[in-house]
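Those protein sequences? They're chains L and P, same order as listed. Numbers 5 to 390, taken from the numbering used here, label the letters of the first sequence in order. Numbers 516 to 1023, taken from the numbering used here, label the letters of the second sequence in order. The block underneath contains the structure these notes are about, expressed in structure tokens.
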Amino acid sequence: MRDESFFTQIEGYTEVKQDILSSRKYGIDMSRQSFLASELINRLHPKKLVLKVSQVIDEMDSVRTIRLVRDKGHLPPFEAGQYINLSVNIDGVVTSRPYSMSSAPSQTAYYDITVKRTDGGFVSNYLLDCLRVGEVLSSTAPAGEFHYNPLFHGDDLVMLAGGSGVTPMMSMIRQFASFGSNKNIHLIYICRTPEEVIFHKELERIEREFDKFRYTVVISRPKENYEGITGHITSELLASLLQNITDKTYYICGPTGMCDAAKNDLLSLGVRPGKIRQENFGESADVTTKPGWPESVKTGSTVRVKVVGSTTFDAPVGEPLLNSLDRAGVSVPSSCHSGECSLCRVKLLQGTVFHLADSKERVSDKKYGYIHSCSSYPTGDIEIEI
Amino acid sequence: METTRRNPMTDYDAVVIGAGCGGLTAATTMAQSGLKVLLLEKHNIPGGCAQSFYRGRFEFEASLHQLSGVGTEDNPGQIRKLFERMGVLDRVELVQEDILYDVKIDGKLDIELPSGRVELATALKKSFPEEGESIDGFFNFLYDFVYQFHACVYGKDPEASPEKYPIFFKYALSSTQAIFDEFLPNHQLQVCVGSYICYVGLPTETLPFDRLAVTLWSYLEYKPTHFVGGSQAMSNALIDCFVEAGGQVKFNCGVDKIVVENGCVKGVVAENGQKFTTQYVVSNASSIDTYLRMIDRDQVPQEIVESLNSKEIGVSAVTVYLGLDCDPSELGISAPCSFLYENSAGLNELYGNPQKAPQACLLTSYDNVSSTFSPEGACQMVLIDLQYGELWQSIPANEYTDVKYRYADQMIALAEKFYPGIRDRIEEVEVSTPITNMRYLSTPGGSIYGFSPYSKDMRMFSSTVSPIKGLFLAGAWVTGGGYEPSLVSGVGAGRAAVKQFQKRETVS
Ligand SMILES: Cc1cc2nc3c(=O)[nH]c(=O)nc-3n(C[C@H](O)[C@H](O)[C@H](O)COP(=O)(O)OP(=O)(O)OC[C@H]3O[C@@H](n4cnc5c(N)ncnc54)[C@H](O)[C@@H]3O)c2cc1C
Ligand code: FES
């Protein structure tokens, strides 16, 4: 720094000097600014939410709604369609899965998640069988891109739901129906049997009370004398149910296979890709049957995973790396479990993995071997860095 | 490079807090000088502002519109030299632009401004034939000003005097508006040469001219530059250089505390309680957080507290990231960057307010920089204006989303005045506000440029050397915002730390 005699020669220095002195005298408390910022972020996007089960509502045989409240402070706001990533400790294994809120965002007292039993499901079945009122869980703050966007989604919305994929739609429907908004919503809901249709009574009621809401159930495995619409979602069915097909925004949520098929149907009907919003639910089918999976690597066998500076363990072939890491007690943050949010990013130092096609690694991440562990399946022994 | 840990009493020779531009270059500088360095980043990815994120099939560039100070092999700027030294240059693919930006004032002006002093002056004279003299006068002044400013402030010519550097001594503290009024009175010309006030952080009445001058000069001399793969490619390359030099990085590891005893750094404590001992810390977190949150109050000299309290938290931004299902040419967009102004708007309308419709914004069409930014037949585009975090912090939580979308909607409407049809091509859109920046950068007010750069806060009046022994700061909060200053500040902090480290090691 030069000494003051240098500066005094600059034109306007006296005024600036005065400014320096008075701003120091009348400054504002910056430590408060820093505090305000972190307080606001904690309110809107806390890193971790501690939630208590306040109620467990039986929807039907294998479906329950779990009502979650926060003991201290408000629940962060969310957009209808978003999810939380719920962490559970099952016999010492800490693992997490995303669940969409089924309650409306306007309901600020609690988050509802609605859980359906899945064959061989680890977390869902635990939530159904073992969770009791009063139990405390932790989760991430709400996240996700599957929500209504007023910038380009318009007023004509079609929702294609399969099974538990109706949960994020339910949040949107409850929000829009309760606000008496100007949105036309048509829910097309496909289930295997009529008994599996979640929220049926409420959806029927909303249809009666809200003339802009239409509700169509499609049953894929009907009993003989079932009278409603049966079969799968096809382009013919969509064409028969909908008018002005290309002007609407579509939300698809359900098992990956159903989502992909529905999307293709819509594309074949001339709908622009941007008008189709998709959220895949549920583990994808056996990954070893996917195109590109190396034939020599078989389910039932294991691979060795070495985590630099931490531990080495065996992981079953066909399981996402993230789940194996959870099982081994290696904690990696995660949120979407579908390759989009990048939170579960780790660096692959050695070995090979199979990537799910829709996993979105950044261009330069690929170059240096960063992978999304939720969508990567080791196809041999690997070494990673976290 | 072989690193030897030379201080067996501590876990690390140095710890860097934050992997933004400043933290990355600080960490790499120290590791490449042989220190054992630990870099701790709160998020799961390096870069701070300098990163990208996916929505649908688009990898969106989060912040970088144009990188200044790179230059060519024959005429390298300080950033190219820095990249070359560190090994970044071998790891990234640079793309250079011959155009600074387009300026469009609705119903009044539509002009493309090339980079290069002569080219720009020629283009301006063509559109403003009556103003030839003042255009030449302005550019002469600009170049003299920058030369003299460098000599007096950075070069520290020992013989600097009002006789030798009259422009510096007369104008160094002038506001941008004062310079415009004297040298370039035509308003439209002011908008043409002044739009980069968007990159420096204050409106023309309060912005010291040196900020705009040095920025404009750097882009004119060295051309705007970008990376294939966006700024994330740079951040990932820096991490790779750092790790290659023996550095260790931990993501998802925010720092809560810098342990200071008797005025000396002793270590850091992470959010998860983990402790790391070290005698040297470079913090890329905001200086407010560094001094007023992370260090025990009784260890922070009152002088520092007063100085921080005397400043103003700098501006943040509202950014609308658009993924469109067409080529930019289909919408008639050919320039990489366009500053768009409503008919009655001037430069200072680049500073917006959530309660008012935007009057001006910057549109960046990345696929006009390099077609690698988006999948074929699609393009990404960003609309941005500057806003103070304060205005957003006071919005009630239940209204925030509405305000955010309403404002973004108006920004799209503004852009559509110049390029109709944008909205119909939207495939993905994401909106970030000062609140979003607060969350991802952990800066007070979501500031993207550090403190507001008033004359009273010019670096020549305040020492950047910390009174706490072993503590160094890097990034926008010490040097002012932008990639170039932040990257350079990290090198400065890293070198200063290495120097002290080596001195202490030879003494002991
Ligand atoms: C939308 C946008 C557009 C921009 N456009 C341009 C442009 O075109 N050209 C240009 O030159 N500049 C531009 N900038 C500005 C430029 O990006 C920034 O000024 C610059 O990158 C700041 O760098 P920094 O070193 O201060 O670090 P930052 O980017 O602020 O990063 C700081 C890092 O520290 C981490 N951190 C903070 N606290 C902690 C803690 N306690 N523990 C651990 N880690 C911590 C943060 O997570 C972050 O990664 C833009 C910025 C934005 C947001
Ligand atoms: S958890 Fe989101 S990408 Fe893996």
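Glycine included, each C-beta is placed from N, C-alpha and C at the ideal position.
Check your understanding: Using a beta-carbon distance below 7 Å, is I24 of chain L in contact with chain P?
Key -> Interface residue, yes.
Practice item. Taking 7 Å as the cut-off, decide whether the C-beta atoms of F660 of chain P and I682 of chain P are in contact. Key: Taking 7 Å as the cut-off, the beta carbon of F660 of chain P is found closer than this to the beta carbon of I682 of chain P.
Point to revise | Pairwise C-alpha distance: V946 of chain P and P337 of chain L | key: Spanning the alpha carbons of P337 of chain L and V946 of chain P requires a straight line of approximately 24 Å.
Check your understanding: Could one say the Cβ of G333 of chain L lies closer than 7 Å to chain P's Cβ atoms, at least one of them?
Key -> Not closer than 7 Å to any Cβ of chain P, the Cβ of G333 of chain L fails to qualify, so no.
**Study point:** Bridge partner(s) assigned by DSSP for D900 of chain P
**Key:** D900 of chain P pairs with P:V833.
**Study point:** Alpha-carbon to alpha-carbon, L550 of chain P and T518 of chain P
**Key:** Because the pLDDT of T518 of chain P is 44, which lies under 50, any placement of that residue in the model is unreliable, and the number read from its coordinates should be weighed accordingly. Going from the Cα of T518 of chain P to the Cα of L550 of chain P covers about 6 Å.
Check your understanding: Whole-angstrom Cβ separation of I202 of chain L and T118 of chain L, contact assumed at under 8 Å?
Key -> Confirmed, about 6 Å.
Review point. Are there 16 or more other CB atoms within 10 angstroms of the CB of H78 of chain L, so buried, or fewer, so exposed?
Key: So H78 of chain L counts as exposed.
Exercise for review: Identify, in the order they occur along the chain, each residue of the same chain with its Cβ nearer than 7 Å to the Cβ of F82 of chain L, setting aside the five sequence neighbours on each side.
Suggested key: Hits under 7 Å: M105, P109, P146.
Review point. What do you reckon, are the CB atoms on S91 of chain L and S142 of chain L nearer than 7 Å?
Key: Yes, the pair counts as a contact, with Cβ atoms nearer than the cut-off.
Check your understanding: Are the C-beta of V98 of chain L and some C-beta of chain P separated by less than 7 Å?
Key -> V98 of chain L is outside the set of residues whose beta carbon lies under 7 Å from a beta carbon in chain P.
Exercise for review: Report all residues from its chain with a CB closer than 7 Å to the CB of S885 of chain P; omit the five preceding and five following residues, and keep chain order.
Suggested key: The answer, listed in chain order, is V610, H741, V743.
Point to revise | Inter-residue spacing [alpha-carbon to alpha-carbon] between N767 of chain P and Y806 of chain P | key: When the Cα atoms are used, N767 of chain P and Y806 of chain P turn out to be separated by approximately 22 Å.
Practice item. Using DSSP bridges, identify the partner residues of P629 of chain P. Key: Residue pairing of P629 of chain P in beta bridges, as defined by DSSP: P:I614.
Check your understanding: Using 7 Å as the limit for Cβ to Cβ distance, is K685 of chain P near chain L?
Key -> With 7 Å as the cut-off, K685 of chain P counts as an interface residue toward chain L.
Practice item. Take I819 of chain P as the anchor and find which of L:S35, L:T12, L:K120 has the nearest alpha-carbon. Key: Here the closest residue by C-alpha is L:S35.
Exercise for review: Give a yes or no on whether 7 Å exceeds the smallest Cβ distance from Q747 of chain P to chain L.
Suggested key: Q747 of chain P counts as touching chain L.
Practice item. List the residues that DSSP assigns as beta-bridge partners of A147 of chain L. Key: A147 of chain L is bridged to L:Y87.
**Study point:** Selection from P:K984, P:Q1017, P:F1016, P:G965 that minimises the alpha carbon distance to S1004 of chain P
**Key:** Of P:K984, P:Q1017, P:F1016, P:G965, the smallest CA-CA separation from S1004 of chain P is found for P:G965.
Check your understanding: DSSP puts I390 of chain L in a beta bridge; with which residues?
Key -> I390 of chain L is bridged by DSSP to nothing; it lacks a bridge partner.
**Study point:** Bounding residues of the alpha helix (DSSP H) (the contiguous stretch that carries F933 of chain P)
**Key:** According to the DSSP assignment, F933 of chain P belongs to the alpha helix (DSSP H) that extends over 912-933.
Review point. So is G744 of chain P in contact with chain L if we call contact Cβ pairs under 7 Å?
Key: Yes, contact with chain L.
Review point. If you draw a straight line from the C-alpha of Q179 of chain L to the C-alpha of A84 of chain L, how long is it?
Key: Looking at the backbone, the Cα of Q179 of chain L and that of A84 of chain L are separated by about 7 Å.
Exercise for review: Examine chain L for any beta-carbon lying closer than 7 Å to the beta-carbon of I941 of chain P, and answer yes or no.
Suggested key: Among the residues facing chain L, I941 of chain P is included, as its CB has a counterpart in that chain under 7 Å away.
Review point. Which residues in the same chain as F757 of chain P place their Cβ atom closer than 6 Å to its Cβ, once the five residues preceding and following it in sequence are excluded?
Key: A542, T543, A546, listed in sequence order.
Check your understanding: What is the DSSP secondary structure of D7 of chain L, counted as helix, strand or coil?
Key -> Coil at D7 of chain L, not helix or strand.
**Study point:** Cross-chain neighbours of P337 of chain L in chain P, by beta carbon under 7 Å
**Key:** Simply N559, N767.
Check your understanding: Do we get a CB-CB distance below 7 Å when we pair D605 of chain P with the residues of chain L?
Key -> No, its Cβ sits nowhere closer than 7 Å to a Cβ of chain L.
Practice item. Using the Cα positions of N655 of chain P and W732 of chain P, report the straight-line distance between them to the nearest angstrom. Key: Our two residues, N655 of chain P and W732 of chain P, have alpha carbons roughly 12 Å apart in a direct line.
Practice item. Just the C-alpha distance for C195 of chain L and S168 of chain L, rounded to the nearest angstrom, thanks. Key: Taking the straight line joining both Cα atoms gives about 9 Å.
Check your understanding: Between P:Y934, P:C707, P:I963, which lies nearest to I626 of chain P when the distance is taken from Cα to Cα?
Key -> Nearest C-alpha to I626 of chain P: P:C707.
Check your understanding: Count the other CB atoms within 10 Å of the CB of D840 of chain P; is the residue buried (16 or more) or exposed (fewer)?
Key -> With 16 or more Cβ atoms within 10 Å of its Cβ, D840 of chain P is classed as buried.
**Study point:** Selection of the region 913-924 of chain P by Cβ proximity to chain L, strictly under 7 Å
**Key:** Across the region 913-924 of chain P, CB contacts with chain L closer than 7 Å involve N913, T916, Y920, A923, D924, in sequence order along the chain.
Check your understanding: If you count every other CB in all the chains shown that lies within 10 Å of the CB of V140 of chain L, and 16 or more means buried, which is it?
Key -> Per the 10 Å Cβ criterion, exposed.
Check your understanding: Since Y17 of chain L meets chain A, which of its residues come closer than 8 Å, beta carbon to beta carbon?
Key -> Of the protein chains in the structure, L and P, none is chain A.
Check your understanding: In chain order, what residues of the region 662-684 of chain P put their CB closer than 9 Å to some CB of chain L?
Key -> The residues in question are C667, V668, K671, A675, S676, P677, F683, F684.
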